[in-house]
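Chemist:
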Amino acid sequence: MIDARNIGLRNIEVADTKISSIDGENGKLIYRGYDILDLVNHSTFEETAYLLIFGELPNSEQLVDFTERMIEARSLPSPILRNLSNRPKRAEPMDVIQSAISELPDYDLNMREDTKSANIRRAITLIGKIPSIVAAWDRIRLNIVLMLQLLPLEKLPQQEHICMPLLLVQSAHCQESSMVELMFRS
Numbered sequence: 318m319i320d321a322r323n324i325g326l327r328n329i330e331v332a333d334t335k336i337s338s339i340d341g342e343n344g345k346l347i348y349r350g351y352d353i354l355d356l357v358n359h360s361t362f363e364e365t366a367y368l369l370i371f372g373e374l375p376n377s378e379q380l381v382d383f384t385e386r387m388i389e390a391r392s393l394p395s396p397i398l399r400n401l402s403n404r405p406k407r408a409e410p411m412d413v414i415q416s417a418i419s420e421l422p423d424y425d426l427n428m429r430e431d432t433k434s435a436n437i438r439r440a441i442t443l444i445g446k447i448p449s450i451v452a453a454w455d456r457i458r459l460n461i462v463l464m465l466q467l468l469p470l471e472k473l474p475q476q477e478h479i480c481m482p483l484l485l486v487q488s489a490h491c492q493e494s495s496m497v498e499l500m501f502r503s
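Taking my numbering, the leading residue of the sequence shown gets 318, the next gets one more, and so forth.
1. Just how far apart, CA to CA, sit residue 435 and residue 428?
2. Measure from the alpha carbon of residue 399 to the alpha carbon of each residue in 457, 335, 339, then state which is nearest.
3. Using three-state DSSP, classify residue 352 as helix, strand or coil.
4. Secondary structure at residue 369, three-state DSSP: helix, strand or coil?
5. What would DSSP say about residue 346, mapped onto helix, strand or coil?
6. Going by alpha carbons, who is nearest to residue 393 out of 405, 374, 353, 417?
7. Go to residue 402, then tell me how far its alpha helix (DSSP H) extends in each direction, as first and last residue.
8. Out of curiosity, what's the CA-to-CA distance linking residue 389 and residue 445?
9. Whole-angstrom Cβ separation of residue 349 and residue 336, contact assumed at under 8 Å?
10. Indicate whether the contact test is met: 3 or more Cβ pairs, each with one atom in the region 355 to 370 and one in the region 403 to 423, closer than 8 Å.
11. Drop a sphere of 10 angstroms on the beta-carbon of residue 384, count the other beta-carbons inside from all chains shown, and report buried for 16 or more, exposed for fewer.
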């Protein structure tokens, strides 16, 4: 009889990376030299995202600029919203998010530009759009028509980027059929 236990990828080196390392035996996950527990307890979502992209924690000016760029990237193209509204309400959220993300390159006017700065711009754009995709799908699947109300940047707590698209205000003037027309504004 053959032993057919599923051991996954335990003890198998998949790739070398400068971004993270895992010490499973000691329960350590390290991002860019920082223990994940230290990042969770002492840095914001934005600071950690910056660290992953740029390799160092941001100073206050870099953090403000980075946060502004993510906020500017929040809006979703109306065809993506239309496609979300056409999905079956029972669709698995991760499948919906994955399919919406795979549409985003269709709206990148510089998709063929393969430079470090273009890839950084794409990473920031993706980080900015994912919360909007999640919020839009949640509202669509629950048949709730809401308009996104964002606070001005100077009133935004810096650590709140990931939650901001969830601050939605119901519009009494919207009809369910107008969901495909909904545009997120920053």
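Where is the CB? At the ideal position from N, CA and C, for every residue including glycine.
None of these values were measured; they are calculated from a predicted model.
Modeler: On the basis of the data shown:
1. 8 Å
2. 457
3. strand
4. helix
5. strand
6. 417
7. 395 to 402
8. 8 Å
9. 6 Å
10. no
11. buried
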